[in-house]
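Trainee: Position in the sequence shown (from 1) plus 7 gives the number in our numbering.
Cβ atoms here follow ideal geometry from the backbone N, Cα and C, with glycine treated the same way.
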Amino acid sequence: MIRTLAYGLPRLGPNREYKRLLEGFWSGSISREDFLEGLEALEALRLATYREQVDLYPAGELSLYDPMLDLAVALGLYPLDPGDLEGYYALARGK
(Lines of atoms letter the chains of each structure in order from A and count residues from 1; the text may use other names and numbers.)
(Lines give C-alpha, C1' and ligand atoms only; values in the text may rest on other atoms or scores of the structure.)
Protein backbone atom coordinates (compact mmCIF):
# COMPACT_ATOMS: atom_id res chain seq x y z
CA MET A 1 0.00 0.00 0.00
CA ILE A 2 1.30 3.42 -0.92
CA ARG A 3 0.98 6.11 1.72
CA THR A 4 1.30 9.84 1.19
CA LEU A 5 3.26 12.30 3.28
CA ALA A 6 3.08 16.08 3.21
CA TYR A 7 5.17 18.63 5.00
CA GLY A 8 4.98 22.38 5.01
CA LEU A 9 1.54 23.64 4.15
CA PRO A 10 1.82 27.42 3.93
CA ARG A 11 0.97 29.17 7.17
CA LEU A 12 -0.61 32.09 5.32
CA GLY A 13 -3.94 30.34 4.77
CA PRO A 14 -5.83 30.07 1.50
CA ASN A 15 -6.60 33.80 1.38
CA ARG A 16 -3.59 35.20 3.28
CA GLU A 17 -5.45 35.19 6.58
CA TYR A 18 -2.24 34.93 8.60
CA LYS A 19 -0.84 38.08 7.00
CA ARG A 20 -4.00 40.03 7.84
CA LEU A 21 -4.07 38.68 11.40
CA LEU A 22 -0.42 39.53 11.99
CA GLU A 23 -0.63 43.02 10.50
CA GLY A 24 -3.78 43.67 12.53
CA PHE A 25 -2.04 42.53 15.70
CA TRP A 26 1.02 44.66 14.97
CA SER A 27 -1.09 47.75 14.27
CA GLY A 28 -3.29 47.19 17.32
CA SER A 29 -6.48 46.91 15.28
CA ILE A 30 -7.12 43.40 16.61
CA SER A 31 -6.64 42.20 20.16
CA ARG A 32 -4.25 39.53 21.35
CA GLU A 33 -7.23 37.24 21.97
CA ASP A 34 -8.59 37.75 18.45
CA PHE A 35 -5.12 37.13 17.03
CA LEU A 36 -4.76 33.86 18.96
CA GLU A 37 -8.27 32.76 17.97
CA GLY A 38 -7.43 33.45 14.33
CA LEU A 39 -4.22 31.42 14.63
CA GLU A 40 -6.16 28.53 16.16
CA ALA A 41 -8.66 28.64 13.29
CA LEU A 42 -5.83 28.58 10.73
CA GLU A 43 -4.17 25.67 12.52
CA ALA A 44 -7.48 23.76 12.56
CA LEU A 45 -7.91 24.40 8.83
CA ARG A 46 -4.34 23.27 8.13
CA LEU A 47 -4.81 20.06 10.12
CA ALA A 48 -8.16 19.35 8.45
CA THR A 49 -6.51 19.80 5.04
CA TYR A 50 -3.75 17.39 5.98
CA ARG A 51 -6.23 14.81 7.30
CA GLU A 52 -8.35 15.00 4.15
CA GLN A 53 -5.52 14.81 1.64
CA VAL A 54 -2.60 12.79 3.04
CA ASP A 55 -1.86 9.84 5.31
CA LEU A 56 1.08 11.27 7.25
CA TYR A 57 1.87 14.83 8.27
CA PRO A 58 4.09 16.52 10.85
CA ALA A 59 3.00 17.77 14.24
CA GLY A 60 3.99 21.17 15.57
CA GLU A 61 5.36 22.56 12.33
CA LEU A 62 3.66 25.95 12.53
CA SER A 63 5.94 28.83 13.44
CA LEU A 64 4.45 32.12 14.53
CA TYR A 65 6.92 33.94 12.31
CA ASP A 66 10.46 32.58 11.99
CA PRO A 67 11.49 28.95 12.67
CA MET A 68 15.09 29.99 13.43
CA LEU A 69 13.88 32.55 15.96
CA ASP A 70 11.71 29.81 17.50
CA LEU A 71 14.79 27.62 17.90
CA ALA A 72 16.87 30.47 19.36
CA VAL A 73 14.14 31.19 21.92
CA ALA A 74 13.76 27.47 22.73
CA LEU A 75 17.52 27.21 23.33
CA GLY A 76 17.44 30.21 25.65
CA LEU A 77 19.43 32.58 23.46
CA TYR A 78 16.67 35.15 23.96
CA PRO A 79 15.08 35.04 27.42
CA LEU A 80 11.42 35.30 26.47
CA ASP A 81 8.41 34.09 28.39
CA PRO A 82 6.63 31.54 26.13
CA GLY A 83 3.47 33.66 26.10
CA ASP A 84 5.20 36.96 25.29
CA LEU A 85 3.90 37.56 21.77
CA GLU A 86 4.85 41.22 21.81
CA GLY A 87 8.45 40.37 22.75
CA TYR A 88 8.62 37.58 20.17
CA TYR A 89 7.44 39.81 17.34
CA ALA A 90 9.69 42.65 18.48
CA LEU A 91 12.66 40.29 18.12
CA ALA A 92 11.36 39.07 14.76
CA ARG A 93 11.18 42.64 13.52
CA GLY A 94 14.64 43.54 14.83
CA LYS A 95 13.45 45.84 17.60
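Is it true that the CB of leucine 87 sits closer than 8 Å to the CB of tyrosine 95?
Mentor: Yes, the Cβ-Cβ distance between tyrosine 95 and leucine 87 is below 8 Å.
Trainee: How many Å lie between leucine 16 and leucine 49 at the Cα?
Mentor: Leucine 16 and leucine 49: Cα-Cα distance of roughly 11 Å.
Trainee: Under 8 Å Cβ to Cβ from arginine 18, same chain only, skipping five residues before and after it: list those, please.
Mentor: Within the same chain, arginine 18 has close Cβ partners Tyr25, Leu49, Arg53, Leu69 and Ser70.
Trainee: Tell whether a beta-carbon distance below 8 Å holds between alanine 13 and tyrosine 57.
Mentor: In this structure, tyrosine 57 lies closer than 8 Å to alanine 13 by Cβ.
Trainee: Would glycine 45 be called buried (16 or more neighbouring beta carbons within 10 Å of its own) or exposed?
Mentor: Per the 10 Å Cβ criterion, buried.
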